[in-house]
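Worksheet: one structure, shown below.
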Amino acid sequence: MKNTVAVSYVQGGSMLTGTTSTSFVVDQLVDVTTTWQDAKPVQAAAGSAAQTLLFRVTNPGNGNDSYKLVPTALPASGSDFAVDQCQLFLDQDHNGIRSANDPEYVPGSNDPVLAAGDHMDVFVLCALPSTANDGTFAQVRLAATSNTFSGTPGSAKPSAGIPGMNVVVGMSSGSSSSNGTYQASSVSYQFTSTQRVTDKSGGSVATSGSHILYTLIVTADGGSAIGRNLVVTNPMPEHTTYVPGSLTLDSASLGDSNTDSDAGDFNITATNAISVRLGNVPGSASPHTITFEVTIN
């Protein structure tokens, strides 16, 4: 950085000027911040592998720097659990989404190099133990440390940074860490089926021509996870024929074709079977009731 002062004045009818300059080299500030980017704990099933947490490493200093990354699975505490088999991947696409293009991080080989003010997203992938209980938590810490210099804030190292520049450690001490959280989550469903026979005379004799009303009840177990794209399929029992237009979901009629906009069909999703698409069903959902009728051949 250079500063120049100029002075102009008149003496004996002549304009005279004088200048003087001072300069100094700005030290390189070494700093780093690490932040967990997920908005809430990442839910994953017990026993699942390669579950992803998203972190961001930022260089708030004034020069290029590279950083060593270290993940640490924190020990279990109380009823919570600890993960293992943690790996790191660098967000090569710079979009915050894990993809096949993102390389695995190898310490000392591809330490992220960041310009001043730049950042790199880092994916931490860990495995959950099969013994993790629903609703319990585990934490993983990602630490980033400057390869240039680290130490007490304000400490300096001559000519350690960009060529010709001294290095001064910022408020992070040249090292920063942040914790991310997993939540073990599960959900399961119970299915019950009942039937009611009505014969032609209004009785309950199962004979040719009698109608059978089937009632299926789907009940979630109260787990913390969400079952996605849940579909209930029930083939027609032997020696029976489906009664067209008899399919319902939670007392609402469903069409038999897949050209309508409702959740049900007959003989389309599965051969000679009713199918009802319940969509995403959380463990806290109320039971769903499906009914349909058949005629005994």
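At position 244 of the sequence shown the residue is numbered 244 (the UniProt record's numbering), and the sequence of numbers has no breaks. C-beta atoms are modelled at their ideal positions from N, C-alpha and C, and glycine is treated no differently. Computed from a predicted structure; not experimentally measured.
Can you give me the C-alpha to C-alpha distance between residue i and residue j, rounded to a whole angstrom?
i    : j    : result
V231 : T35  : 39 Å
H119 : N62  : 13 Å
S286 : D250 : 11 Å
I217 : H288 : 6 Å
L41  : T181 : Inspection of the sequence shows that residue 41 is occupied by Pro rather than by Leu. The straight-line gap from Cα to Cα measures roughly 5 Å.
F123 : V57  : 11 Å
N110 : V70  : 13 Å
V187 : D134 : 9 Å
P237 : N272 : 9 Å
S204 : T194 : 14 Å
Please classify residue i as buried or exposed, where buried requires at least 16 other C-beta atoms within 10 Å of its C-beta.
i    : result
I274 : buried
Q139 : buried
P103 : exposed
A132 : buried
N59  : buried
Q28  : buried
P244 : exposed
Hey, quick one: how far does the beta strand (DSSP E) through residue i stretch, first residue to last?
i    : result
A198 : In the sequence as displayed, the identity of residue 198 is Thr instead of Ala. Per DSSP, T198 belongs to the beta strand (DSSP E) from 189 to 198.
R228 : 226 to 235
V70  : 65 to 73
Classify residue i as helix, strand or coil using the three-state DSSP reduction.
i    : result
F81  : coil
N166 : coil
V106 : coil
D221 : coil
V7   : strand
I290 : strand
V42  : strand
Do the CB positions of residue i and residue j come within less than 8 Å of each other?
i    : j    : result
Y67  : T152 : no
S178 : F55  : yes
T291 : T240 : no
A184 : T136 : yes
Q190 : T219 : yes
V294 : I226 : no
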